[in-house]
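Asks: According to mature numbering (1 follows the signal peptide of the UniProt record, and there is no 0), the sequence shown holds residues -22 to -1, 1 to 209 in order.
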Amino acid sequence: MRKGLFPVMALPLLTLAAQAQAPSFDCARAQKPFEIAICQTPDLAEADRLISKAFNKLPPGDPQRRWVRTNNIFREDCGSDPVCILDIQTRALDSLANGPDNYKSVDRLKARVDEMEKQKLGRKWRADLPTTVGECRNTEIVDIAGRFGEDIKTATSGSSVNFRNGGSQVSYDRERALVRSHVGDKVRMCLTFIPRDCPPGDERGKTYKVENLRTGETWELPDAQHMCGGA
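Have a look at this one:
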């Protein structure tokens, strides 16, 4: 009699274990390459769960919600590359983490990114930005918001924009050309200025001129609120 009980009792335990390892979404509905990769890779599934848990704790309207959604868009360009996907996930976790346990998880997953890249399982995500003055890239808008991530329709603190190639711009003013732009608009981004004598690792202050290929309007803005070496 007892032997017959073990398989029945084990089923709920196996189900709980499977749920603990699953990502935040239903893998049966996964279609995109990055979704399938998350379902097939435990580290990616864990990162997805942690992001979802932290995201759901944010109050409605919190600008960080918009930032996480924008960051998640970059996963699509990774295809099925697990290193690229996990690298993007750890960027989101880095900004969402609170408490020692969460920071430990972030540090461990960051270490896994480096390990996986050394094992040649993929490569880290890299922005595709112009690197010399006068050089241009075609890309598209993935988010338009206020300077602090608020809804652009009601923002009074300025404006900001993020692009699919990893670029971003910010302004203390309400840029009309940005307000008239839409997410998904194709644009041409050209580098017009690179600051000099910056501290090591501080690359803020690059300026880009962007043309919206739908509206024909242009704007020229820096990639950060402060120049390198500033606050």
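Positions of the beta carbon are idealized from the N, C-alpha and C atoms, including for glycine.
The structure displayed is predicted, hence computed values, not measured ones.
(1) Are the region 107 to 122 and the region 138 to 156 in contact at 8 Å, needing three or more beta carbon pairs?
(2) Just to confirm my understanding: we take Leu199, look at its own chain, exclude 5 residues before and 5 after, and list those with CB closer than 6 Å. What are they?
(3) Smallest Cα separation from Glu13: which of Ser58, Val46, Thr48, Gly39?
(4) Let's test the definition: count the other Cβ atoms within 10 Å of the Cβ of Pro(-11) and tell me whether it reaches 16, buried, or not, exposed.
(5) Can you list, in chain order, the stretches of the beta strand (DSSP E) that have 3 or more residues and sit fully within the region 137 to 198?
(6) Only counting runs of 3 or more residues, tell me where the beta strand (DSSP E) segments fall wholly within the region 31 to 83, in order along the chain.
(7) Which term fits Ser137, buried or exposed, when burial requires 16 or more other beta carbons within 10 angstroms of its beta carbon?
(8) What does a CB cutoff of less than 8 Å around Val161 pick up in its chain, not counting 5 residues either side in sequence?
(9) Looking at Glu153 and Asn103, is the spacing between their C-beta atoms short of 8 Å?
(10) If you follow the beta strand (DSSP E) that Ala123 is in, where does it begin and where does it stop?
(11) How is the alpha helix (DSSP H) around Pro11 delimited, first residue to last?
Replies: In terms of the structure at hand:
(1) The way I'd put it, the region 107 to 122 does touch the region 138 to 156; three or more beta-carbon pairs between them come closer than 8 Å.
(2) Excluding positions up to five away in sequence, the list reads Gln147, Ser149.
(3) Checked all of Ser58, Val46, Thr48, Gly39; the closest Cα to Glu13 is Ser58.
(4) Confidence at Pro(-11) is low in this model, with a pLDDT of 48, below 50, so its placement is unreliable and the value that follows should be read with caution. By the neighbour-count rule (16 or more Cβ atoms within 10 Å), Pro(-11) is not buried but exposed.
(5) The DSSP assignment places 137 to 141, 146 to 149, 164 to 171, 185 to 190 as complete runs of the beta strand (DSSP E) inside the region 137 to 198, in order along the chain (cut-off: 3 residues).
(6) None, since the region 31 to 83 contains no complete beta strand (DSSP E) of that length.
(7) Per the 10 Å Cβ criterion, buried.
(8) Apart from sequence neighbours up to five positions away, the residues of its chain that approach Val161 with a beta-carbon distance below 8 Å are Ile119, Val120, Asp121, Ile122, ordered along the chain.
(9) The question names Asn, but residue 103 is Trp in the sequence shown. With respect to the 8 Å criterion, Trp103 and Glu153 are not classified as neighbours on the basis of their beta carbons.
(10) 114 to 123 is the extent of the beta strand (DSSP E) around Ala123.
(11) In this chain, the alpha helix (DSSP H) harbouring Pro11 covers 11 to 18.
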